[in-house]
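S.K.:
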Amino acid sequence: MWNLRYTHVIIALHREGRSVASIHRALQELDPSVSYHQVRKFLQRFYSQQGYGRKLPYRSRSMAPHIERIRRAIEQSYAANSSVTIPAIKRLLQSQQIIVSESHLRFIRNQLGFKRKATKYCQLIRDVNKERRLQFCLDMEASNETFNDCVFTDESTIQADCSVKYCYTRDGDYSSRMRKRAKHPAKLHLWGGISARGATQLAIFPGSVRLDSKKYCQILERLYLPFNRNTYHGYAKLVQDNSPVHKSHYTSQKLTPWGVHVLEWPAESPDLNPIELIWGNMKNYVRRKNVRNLEQLRDVVLEFWRSLTPEICARYVNDISKKMRRVIQAQGGNIYEGR
1 MWNLRYTHVI IALHREGRSV ASIHRALQEL DPSVSYHQVR KFLQRFYSQQ
51 GYGRKLPYRS RSMAPHIERI RRAIEQSYAA NSSVTIPAIK RLLQSQQIIV
101 SESHLRFIRN QLGFKRKATK YCQLIRDVNK ERRLQFCLDM EASNETFNDC
151 VFTDESTIQA DCSVKYCYTR DGDYSSRMRK RAKHPAKLHL WGGISARGAT
201 QLAIFPGSVR LDSKKYCQIL ERLYLPFNRN TYHGYAKLVQ DNSPVHKSHY
251 TSQKLTPWGV HVLEWPAESP DLNPIELIWG NMKNYVRRKN VRNLEQLRDV
301 VLEFWRSLTP EICARYVNDI SKKMRRVIQA QGGNIYEGR
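Counting in the numbering used here, the sequence shown runs from 1 upward without gaps.
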């Protein structure tokens, strides 16, 4: 047995303070067939039979004195910028005379609970509008506003386009990854509204048509006014964003004789308007249907809109109070829009 021939060599080198790896390298010159694990196993067995407390001498890790500083650097880096990279953190630590590998940094990052998530982009909110958002939410909460008499309206544009994010192919099969995409895909402009009592009819007009104040008021007269009259007996409050078309002198002159009550909504606050979630869900629905032309796009859009029952719309509206509490906690800043 090799360990009987080299016992005195292994023990002598180990008592000199040599590591298992160093002993293994020395033995390789005598017998190339000796493996690192054989040396380590022999030492463990030898010291266990001799009755020593520790089988192998303890060698402190080189990072042990700096581990708290490394953890603090990682936490502070992600608190300042959640998209910071491991190489950037490594360079930061190097400037502090701490040399650590990227794999070790990733290990510590995982220990601290940081996980990779998809980035979500949100509305840029100016400081002045943060204050207005905060005050609006505080006022609504103080008055116990339920928004059950509000009709949340907005416009959106949707297009027939292939925008799948992933596909599954074998190595070298590049053609399966290709998706045809039109330079100018067919698109439609939409106007719609939802309330706790259901959705309005949906206005659909060609993507080439520009929405101005006159066109907007025609939509309100044709779709919003009948819905308000039939569903709320004329007492609903119209919620719209601060688009120039909505705030123009022409629009204001039309809304006043119609007796339309408008709930002034804070600027840069799409995260508070439930109709924005409707548009997002509609676009996901259209994407799953793999729509290719304008006729299919129109059919799928109407199919989705017809699925908006009063119960579904009420759930969207009821979530506004929860989001306003999040805005208050964020001092008027951006919030997580999920339920």
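Where is the CB? At the ideal position from N, CA and C, for every residue including glycine.
The structure displayed is predicted, hence computed values, not measured ones.
Report yes if the CB atom of residue 294 is closer than 8 Å to the CB atom of residue 186, and no otherwise.
M.R.: Against the sequence shown, residue 294 aligns to sequence position 294. Against the sequence shown, residue 186 aligns to sequence position 186. Their beta carbons are under 8 Å apart, which means residue 294 touches residue 186 by this criterion.
S.K.: Should the stretch 108 to 125 be called in touch with the stretch 67 to 80, which here means at least 3 C-beta pairs below 8 Å?
M.R.: Yes, the stretch 108 to 125 touches the stretch 67 to 80.
S.K.: Going by CA-CA distance only, name the one from 23, 15, 35 that's closest to residue 47.
M.R.: The count along the sequence shown starts at 1 and reaches residue 47 at position 47. Residue 15 is the option with its Cα nearest to residue 47.
S.K.: Quick one: measure Cβ to Cβ for residue 272 and residue 320, integer angstroms, because I've assumed they're closer than 8 Å.
M.R.: Along the sequence shown, one-based indexing puts residue 272 at 272. Along the sequence shown, one-based indexing puts residue 320 at 320. 6 Å between Cβ atoms; contact.
S.K.: Short of 6 Å in beta carbon distance, which residues of its chain neighbour residue 308, apart from the five on each side in sequence? Order them along the chain.
M.R.: Residue mapping note: residue 308 aligns to position 308 of the sequence shown, counting from 1. So the qualifying residues of the chain are 199.
S.K.: Out of curiosity, what's the CA-to-CA distance linking residue 87 and residue 63?
M.R.: Walking along the sequence shown from the start, residue 87 turns up at place 87. Walking along the sequence shown from the start, residue 63 turns up at place 63. Residue 87 and residue 63: Cα-Cα distance of roughly 18 Å.
S.K.: Kindly confirm or deny that the stretch 134 to 146 and the stretch 224 to 231 touch, where touching means at least three C-beta pairs closer than 8 Å.
M.R.: Flag = no, the stretch 134 to 146 and the stretch 224 to 231 do not touch.
S.K.: Leaving out the 5 sequence neighbours to the left and right, which residues in its chain are closer than 8 Å to residue 74 when beta-carbon positions are compared?
M.R.: Along the sequence shown, one-based indexing puts residue 74 at 74. 89, 105, 108, 109, 112, 114.
S.K.: Closer than 7 Å by C-beta to residue 149: which residues in its own chain qualify, once you throw out the five before and the five after it? Chain order, please.
M.R.: Within the sequence shown, the letter at position 149 stands for residue 149. Within the same chain, residue 149 has close Cβ partners 232, 235, 236, 237.
S.K.: So is residue 269 buried or exposed if we call it buried at 16+ other beta carbons inside 10 Å?
M.R.: As a position in the sequence shown, residue 269 is number 269, starting the count at 1. Label assigned to residue 269: buried.
S.K.: Under 8 Å between the Cβ atoms of residue 333 and residue 183?
M.R.: Residue numbering aside, residue 333 sits at position 333 when the sequence shown is read from its first letter. Residue numbering aside, residue 183 sits at position 183 when the sequence shown is read from its first letter. Result no, Cβ atoms of residue 333 and residue 183 do not sit closer than 8 Å.
S.K.: Give every residue of the same chain whose Cβ lies closer than 7 Å to the Cβ of residue 335, excluding the five residues on either side of it in the sequence, and list them in chain order.
M.R.: As a working mapping, residue 335 is identified with position 335 in the sequence shown. Excluding positions up to five away in sequence, the list reads 271, 323, 326, 327.
S.K.: Using 10 angstroms around the beta-carbon of residue 251, count the other beta-carbons present and answer buried if the total reaches 16, otherwise exposed.
M.R.: The residue given as residue 251 occupies position 251 in the sequence shown. By the 10 Å Cβ count, residue 251 comes out buried.
S.K.: State yes or no: is the C-beta of residue 100 within less than 8 Å of the C-beta of residue 188?
M.R.: If you number the sequence shown from 1, residue 100 lands on position 100. If you number the sequence shown from 1, residue 188 lands on position 188. For residue 100 and residue 188, no; Cβs fall outside 8 Å.
S.K.: Using a threshold of 8 Å, state whether the C-beta atoms of residue 147 and residue 194 are closer than that.
M.R.: Counting from one through the sequence shown, the residue named residue 147 turns up at place 147. Counting from one through the sequence shown, the residue named residue 194 turns up at place 194. Not closer than 8 Å, so no.
S.K.: With distances taken Cα to Cα, identify the nearest neighbour of residue 290 among 132, 181, 161.
M.R.: Residue mapping note: residue 290 aligns to position 290 of the sequence shown, counting from 1. Measuring from the Cα of residue 290, the nearest candidate turns out to be 161.
S.K.: Name the DSSP beta bridge partners of residue 206, please?
M.R.: Position 206 of the sequence shown holds residue 206. DSSP lists 188 as partners of residue 206.
S.K.: Which residues in the same chain as residue 254 place their Cβ atom closer than 7 Å to its Cβ, once the five residues preceding and following it in sequence are excluded?
M.R.: Residue numbering aside, residue 254 sits at position 254 when the sequence shown is read from its first letter. The residues are 217.
S.K.: If you compare alpha carbons, which of 82, 292, 39 is closest to residue 180?
M.R.: Looking up residue 180 in the sequence shown gives position 180. When each option's Cα is compared against that of residue 180, the closest is 292.
S.K.: Report yes if the CB atom of residue 331 is closer than 8 Å to the CB atom of residue 134, and no otherwise.
M.R.: For the purposes of this step, residue 331 is taken as residue 331 along the sequence shown, with counting starting at 1. For the purposes of this step, residue 134 is taken as residue 134 along the sequence shown, with counting starting at 1. Result yes, Cβ atoms of residue 331 and residue 134 sit closer than 8 Å.
S.K.: Would DSSP call residue 175 helix, strand or coil?
M.R.: Within the sequence shown, numbered from 1, the residue matching residue 175 stands at position 175. Of the three classes helix, strand and coil, the one that applies to residue 175 here is helix, per DSSP.
S.K.: Rounded to whole angstroms, what's the CA-CA distance from residue 169 to residue 246? Just pull it up for me.
M.R.: Here residue 169 refers to the residue found at position 169 of the sequence shown. Here residue 246 refers to the residue found at position 246 of the sequence shown. Near 48 Å, if we compare the C-alpha coordinates of residue 246 and residue 169.
S.K.: Any idea what DSSP makes of residue 82, helix, strand or coil?
M.R.: What you label residue 82 is simply residue 82 of the sequence shown in a count that begins at 1. The answer is coil: DSSP assigns residue 82 none of H, G, I, E or B.
S.K.: Taking just the CA atoms, how far does residue 265 sit from residue 278?
M.R.: If you number the sequence shown from 1, residue 278 lands on position 278. If you number the sequence shown from 1, residue 265 lands on position 265. Going by the C-alpha atoms only, they are around 18 Å apart.
S.K.: Quick one: is residue 121 buried, meaning 16 or more other Cβ sit within 10 Å of its Cβ, or exposed?
M.R.: Translated into positions along the sequence shown, residue 121 becomes position 121. Exposed, since its Cβ has fewer than 16 Cβ neighbours within 10 Å.
S.K.: Give the list of continuous alpha helix (DSSP H) stretches no shorter than 4 residues that lie fully inside the stretch 210 to 250.
M.R.: Entirely contained in the stretch 210 to 250, the alpha helix (DSSP H) runs reaching 4 residues are, in chain order, 213 to 219, 225 to 232, 244 to 247.
S.K.: With DSSP as the reference, please indicate the residues paired to residue 122 in a beta bridge.
M.R.: As a first step, residue 122 is located in the sequence shown; it is residue number 122 there, counting from the start. Looking at the DSSP assignment, residue 122 forms no beta bridge with any residue, so it has no partner.
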